[in-house]
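*Asks:* The opening residue of the sequence shown carries number 1 in the UniProt record's numbering; numbering runs sequentially from there. The beta-carbon is built from N, C-alpha and C at its ideal position, and this holds for glycine as well. This one's a predicted model, so the numbers in the text were calculated from it and none came from an experiment. Have a look at the structure that comes next, please.
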Amino acid sequence: MEDRHGAEASGNSDSLKRSSLGETAHRAVSVAAELARSEHPESSDASSAAEREGTRSALCQAPSTWTQYKTLLAKDLKAEFRTKDMVVSMGIYAFLVIVVFGVALSFARPGAEFLEVSGGLLWALVVFTSLLGLNRSFAKETENGCLEGLLLAPLDRGVIFLAKATSNLVFLVLVEVIAVPLYWVFFSSFAAPAETGWLLVAPLVLGSIGIAGIGTMLSTITAATRGKDVMLALLFVPVIFPLLYACVSATTCALVGGDVFADGFLTSLALGAGYDVVMILASWVLYDFVVN
Numbered sequence: 001m002e003d004r005h006g007a008e009a010s011g012n013s014d015s016l017k018r019s020s021l022g023e024t025a026h027r028a029v030s031v032a033a034e035l036a037r038s039e040h041p042e043s044s045d046a047s048s049a050a051e052r053e054g055t056r057s058a059l060c061q062a063p064s065t066w067t068q069y070k071t072l073l074a075k076d077l078k079a080e081f082r083t084k085d086m087v088v089s090m091g092i093y094a095f096l097v098i099v100v101f102g103v104a105l106s107f108a109r110p111g112a113e114f115l116e117v118s119g120g121l122l123w124a125l126v127v128f129t130s131l132l133g134l135n136r137s138f139a140k141e142t143e144n145g146c147l148e149g150l151l152l153a154p155l156d157r158g159v160i161f162l163a164k165a166t167s168n169l170v171f172l173v174l175v176e177v178i179a180v181p182l183y184w185v186f187f188s189s190f191a192a193p194a195e196t197g198w199l200l201v202a203p204l205v206l207g208s209i210g211i212a213g214i215g216t217m218l219s220t221i222t223a224a225t226r227g228k229d230v231m232l233a234l235l236f237v238p239v240i241f242p243l244l245y246a247c248v249s250a251t252t253c254a255l256v257g258g259d260v261f262a263d264g265f266l267t268s269l270a271l272g273a274g275y276d277v278v279m280i281l282a283s284w285v286l287y288d289f290v291v292n
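Set out below in structure tokens:
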């Protein structure tokens, strides 16, 4: 009995010691907090809590769609202008196609009939050059695993499509600015275009937008397939045919001028613009399904 009472007394004394130590530690923490407040009176509990909440909300807030678009577009442009692989290869390929056209037409007679086929030759140059660029646009994305990283990031898939299509459009326009004047330097001796010839800029812009948008969609589909170069061409040319037909018609009307221009130029532009709107919207909507 005495041992039991002694054990209970020692347990009570230990609990009292622990409680006293706990109270002492609590007081020490309270004193330290009060000292910290006295040294920094401007950082009160309410303000510090508000600052922490604001910082947390800022870190957790997702970037806007416009910010995502600018970031992805800047990434593609910086990567290309650092190496210039795509633009240089497209430019060299366009020059070689012009040389081949020059050899093929070297024995043709100069005359106004050349203007009736020059629009088709010009668009053959644009389509072949764009196919090379579209094949290379997703090469680095798939080889370095960048596409998988973009899909893992909390980004809108439609923004990825728009940024990639815009970068492809920029590269295609850069090549066209060099290739189209070079084309006319080579073939200026055959026939001079009409006064409305400068209006071929309009079908070039419409066609380039459609090629960049639809080509981005199709190059994404064929990026992970065998023989992606051939697969892209097999899919691209049939899908782009209505736009190609409208742009060739509008370009020929602008070069020939006269009654031909009045009859078909605006109609062809309207057909090309409608095709661009429908197909780019469809590509933008379906891009999430394609990449997933």
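So the alpha helix (DSSP H) Ala194 belongs to, where does it begin and stop?
*Replies:* Start at 1 with the first residue of the sequence shown, and residue 194 comes out as number 194. Counting along the chain, Ala194 falls outside any alpha helix (DSSP H), and DSSP gives it neither H nor E.
*Asks:* Is Ala108 helix, strand or coil by DSSP?
*Replies:* Here the question's residue 108 lines up with position 108 in the sequence shown. Ala108 falls in the coil class under three-state DSSP.
*Asks:* Going by C-alpha distance, which of Gly119, Thr65 and Thr166 is nearest Asp156?
*Replies:* Residue numbering aside, residue 156 sits at position 156 when the sequence shown is read from its first letter. Nearest of Gly119, Thr65 and Thr166 to Asp156, Cα basis: Thr65.
*Asks:* Have a look at Glu116 and Leu150 and give me their C-alpha separation to the nearest angstrom.
*Replies:* Sequence index remark: in the sequence shown, residue 116 carries index 116 (1-based). Sequence index remark: in the sequence shown, residue 150 carries index 150 (1-based). Between Glu116 and Leu150, the C-alpha separation is close to 46 angstroms.
*Asks:* Once you ignore the five residues that flank Val159 on each side, which residues in its own chain have a CB closer than 8 angstroms to its CB?
*Replies:* Here residue 159 is taken as the residue at index 159 of the sequence shown, counted from 1. Counting only Cβ-Cβ distances below 8 angstroms, and skipping sequence neighbours, we find Thr65, Gln68, Tyr69 and Leu72.
*Asks:* Quick check on Thr166: buried or exposed, where buried means 16 or more other Cβ atoms within 10 Å of its Cβ?
*Replies:* For the purposes of this step, residue 166 is taken as the residue at position 166 of the sequence shown. Buried is the call here.
*Asks:* With distance defined between alpha-carbon atoms, name the residue in Ala273, Asp229, Trp184 and Ala270 nearest to Leu255.
*Replies:* Taking the sequence shown and counting its residues from 1, the one referred to as residue 255 is at position 255. Taking only the C-alpha atoms, the option nearest Leu255 is Trp184.
*Asks:* Going by the beta-carbon positions, is the gap between Ser208 and Asn135 smaller than 8 angstroms?
*Replies:* Taking the sequence shown and counting its residues from 1, the one referred to as residue 208 is at position 208. Taking the sequence shown and counting its residues from 1, the one referred to as residue 135 is at position 135. Cβ distance not < 8 angstroms, so Ser208 and Asn135 don't count as in contact.
*Asks:* Helix, strand or coil for Pro238 per DSSP?
*Replies:* For this step, residue 238 is matched to residue 238 along the sequence shown. Three-state DSSP puts Pro238 in a helix.
*Asks:* Starting from Arg157, trace the alpha helix (DSSP H) in both directions and tell me its first and last residue.
*Replies:* Position 157 of the sequence shown, counting from 1, holds the residue named residue 157. Its alpha helix (DSSP H) spans residues Arg157 to Phe187.
*Asks:* Under the three-state reduction of DSSP, which class applies to Ser43: helix, strand or coil?
*Replies:* Position 43 of the sequence shown, counted from the first residue, corresponds to residue 43. The predicted position of Ser43 is uncertain, since its pLDDT is 42 and thus under 50; no value can be drawn from it.
*Asks:* Can you list, in chain order, the residues of its chain whose CB lies under 6 angstroms from that of Met231, leaving out five sequence neighbours each side?
*Replies:* Reading the sequence shown from its first residue, position 231 is the one you call residue 231. Here the set comprises Thr222 and Thr225.
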